[in-house]
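Protein chains in written order, with my numbering: chain A, 9 to 120; chain B, 8 to 122.
Even for Gly, the Cβ is constructed at its ideal location relative to N, Cα and C.
Here the structure is a predicted model, which is why all the values come from computation and not from measurement.
Single-structure report; data block below.
Written out as structure tokens, the structure reads:
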């Protein structure tokens with residue numbers, strides 16, 4: 009069946025380090041792809057999205073490119089901050105929109 | 008302020024005692040959904056609703072019920088809770104439920120413990 013696979017965490021980095029969180033998906037058709045972020049004690053909130061192949065989503069210094077050939081949507085940031093410490097979820101959604109599949113989440117911790 | 012409101016934030020109960028977790032949104036959204044979050048499993052969809060009086064099962068509906076009598080409310084009902092339903096629950100909503108591009112708005116979560 010359709011699924012989303014994220015790199016396992018936790019990921020611990022020093023401030024200003026480069027970040028990559030891998031996300032690959034298995035799906036029939038061409039879903040929209042999302043990254044959501046969950047800060048401690050809060051619900052998820054949308055970080056960025058891409059709706060078709062080769063689209064790049066970006067927000068708050070984070071970027072992810074919809075790669076149809078590798079079925080991937082890796083999250084990157086050039087220089088992380090302590091405030092980026094959170095759990096990050098990759099997700100996909102189809103045109104029927106009834107079903108949304110989330111990855112298992114990757115916990116990111118940034119050391120000052 | 009646009010928001011999804013869940014209550015309660017924390018709930019401890021005993022096996023078999025019926026409970027309801029409420030969810031309300033003030034954005035006139037058609038689509039609403041319930042998820043549970045468990046370590047290593049991410050978010051799994053329990054039930055969703057595309058509009059008033061329209062509900063359908065997600066991936067893990069066993070042991071749960073929902074209703075959608077009004078557009079703004081989507082309560083989650085556990086008729087006879089069991090310990091394996093101990094989890095962190097999130098309600099979410101979005102507009103234009105048939106579009107894949109609409110983002111979800113999430114509530115702050117309900118931490119449920121069933122003893």
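{"Item": "If I follow the unbroken beta strand (DSSP E) through residue 11(A), where does it start and stop?", "Value": "11–14"}
{"Item": "Is DSSP giving residue 10(B) helix, strand or coil here?", "Value": "coil"}
{"Item": "Measure the alpha-carbon distance for residue 51(B) versus residue 42(B) and round it to whole angstroms.", "Value": "5 Å"}
{"Item": "Have a look at the DSSP bridge pairing and note the partners of residue 94(B).", "Value": "119(B)"}
{"Item": "What does a CB cutoff of less than 8 Å around residue 56(B) pick up in its chain, not counting 5 residues either side in sequence?", "Value": "38, 39, 40, 62, 63, 73, 75 and 81"}
{"Item": "Nearest-angstrom Cα distance between residue 47(B) and residue 113(A)?", "Value": "8 Å"}
{"Item": "Please confirm if the region 32–41 of chain A is in contact with the region 73–83 of chain A, defined as three or more CB-CB distances below 8 Å between the two stretches.", "Value": "yes"}
{"Item": "By alpha-carbon positions, which one of 21(B), 68(B) and 99(B) ends up nearest to residue 115(B)?", "Value": "99(B)"}
{"Item": "Does residue 87(A) have its Cβ less than 9 Å from a Cβ in chain B?", "Value": "no"}
{"Item": "State yes or no: is the beta carbon of residue 52(A) nearer than 9 Å to at least one beta carbon in chain B?", "Value": "yes"}
{"Item": "For residue 70(B) and residue 87(B), I'd like the C-alpha separation in whole angstroms.", "Value": "7 Å"}
{"Item": "Please report whether the beta-carbon of residue 76(A) lies at a distance below 9 Å from any beta-carbon of chain B.", "Value": "no"}
{"Item": "What do you get for residue 26(A), buried or exposed, if any count of 16 or more other CB atoms within 10 angstroms of its CB means buried?", "Value": "exposed"}
{"Item": "Can the beta-carbon of residue 66(A) be found less than 9 Å from the beta-carbon of residue 93(A)?", "Value": "no"}
{"Item": "Just reading off the beta strand (DSSP E) that residue 43(B) is part of, what are its end residues?", "Value": "38–45"}
{"Item": "According to DSSP, simplified to helix, strand and coil, what is residue 19(A)?", "Value": "strand"}
{"Item": "Rounded to the nearest angstrom, what separates residue 115(A) and residue 16(B) at their Cα positions?", "Value": "22 Å"}
{"Item": "Residue 122(B) and residue 19(B) look like a contact to me (Cβ under 8 Å); what is the Cβ gap, rounded to whole Å?", "Value": "7 Å"}
{"Item": "What did DSSP end up calling residue 74(B) once you bin it into helix, strand or coil?", "Value": "coil"}
{"Item": "Please work out which residues of its chain come closer than 6 Å, Cβ to Cβ, to residue 66(B), disregarding the five sequence neighbours upstream and downstream, and give them in chain order.", "Value": "51 and 52"}
{"Item": "Is residue 83(A) near residue 70(A), with beta carbons less than 9 Å apart?", "Value": "yes"}
{"Item": "Kindly identify the DSSP beta-bridge partner or partners of residue 67(A).", "Value": "70(A)"}
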